[in-house]
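Colleague: Converting from the sequence shown to the working numbering requires adding 58 to each position, the first position being numbered 1. Just so it is clear, CB atoms sit at the ideal spot from N, CA and C, and this is done for glycine as well.
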Amino acid sequence: MTENCPVLTPAESQIADVIKRADRTLASAVSLALEEAAKQVAEDMRAIGQDDATPVLQYFASVVHQRMYCLMCVADPDTFEGGNPDIAYHVIRNSQNIAKHYWSADIEPYPPR
Numbered sequence: 059m060t061e062n063c064p065v066l067t068p069a070e071s072q073i074a075d076v077i078k079r080a081d082r083t084l085a086s087a088v089s090l091a092l093e094e095a096a097k098q099v100a101e102d103m104r105a106i107g108q109d110d111a112t113p114v115l116q117y118f119a120s121v122v123h124q125r126m127y128c129l130m131c132v133a134d135p136d137t138f139e140g141g142n143p144d145i146a147y148h149v150i151r152n153s154q155n156i157a158k159h160y161w162s163a164d165i166e167p168y169p170p171r
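#1: Looking at chain B, is there any beta carbon in it that lies within less than 8 Å of the beta carbon of Q124?
#2: Within 10 angstroms of its Cβ, does A87 collect 16 or more other Cβ (buried), or is it exposed?
#3: Which one of E94, N142, V121 has the shortest CA to CA distance from C131?
#4: Count the CB pairs spanning the region 111-123 and the region 83-99 that are closer than 8 Å, and state whether there are at least three.
#5: Would you mind sorting A105 into buried or exposed? The rule is 16 or more other CB atoms within 10 Å of its CB.
#6: Can you grab the Cα-Cα spacing for the pair H148 / I165, in whole Å?
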C-alpha cells in the first residue's frame with residue numbers, strides 16, 4: 059500500500075465499518091426527512107389552494123445544508139453567530155474541489171492559505 063492508502067489494522071477496520079454504517083443510516087434518514095417534508099408541504103399547499111407555491115425538494119435540502127454548514131463552522135444555525143472562519147474556508151474549498159474534480163466545474167478554488 060502507499061502512504062496515502064495505509065493498510066488498516068483489524069480494530070481500525072471495525073471502527074471504519076461502524077462509521078460507514080452510521081453514515082449510510084444518517085444519509086437515509088436525511089433523505090427520508092427531506093422527502094417527507096416536501097410531501098407534507100405539497101399536501102398542505104394543495105389544501106389551501108396554493109399548489110403552484112409548493113417548494114421543490116431542493117429547497118428543503120438547502121435549508122438542511124445551511125444549518126449543517128453553520129454547525130460544521132461552529133455557528134448558531136438560527137443567528138449565524140459564533141462561526142469559525144477557518145473552518146468555513148476549508149468547507150467552501152472542499153465544495154469547490156468536489157465541483158471541479160467530479161463535475162468538471164469551471165471554477166478555481168480558493169488558493170491555499
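Modeller: By the coordinates alone:
#1: Chain labels in this structure do not include chain B; a single protein chain is all it has.
#2: Taking the sequence shown and counting its residues from 1, the one referred to as residue 87 is at position 29. When all chains shown are included, A87 counts as exposed.
#3: Taking the first residue of the sequence shown as 1, we reach residue 131 at position 73. Closest option to C131, Cα to Cα, is N142.
#4: yes
#5: For the purposes of this step, residue 105 is identified with residue 47 of the sequence shown, where counting begins at 1. Answer is exposed; the Cβ neighbour count stays below 16.
#6: Within the sequence shown, residue 148 is the residue found at index 90, counting from 1. Within the sequence shown, residue 165 is the residue found at index 107, counting from 1. CA-CA distance, H148 to I165, rounds to 16 Å.
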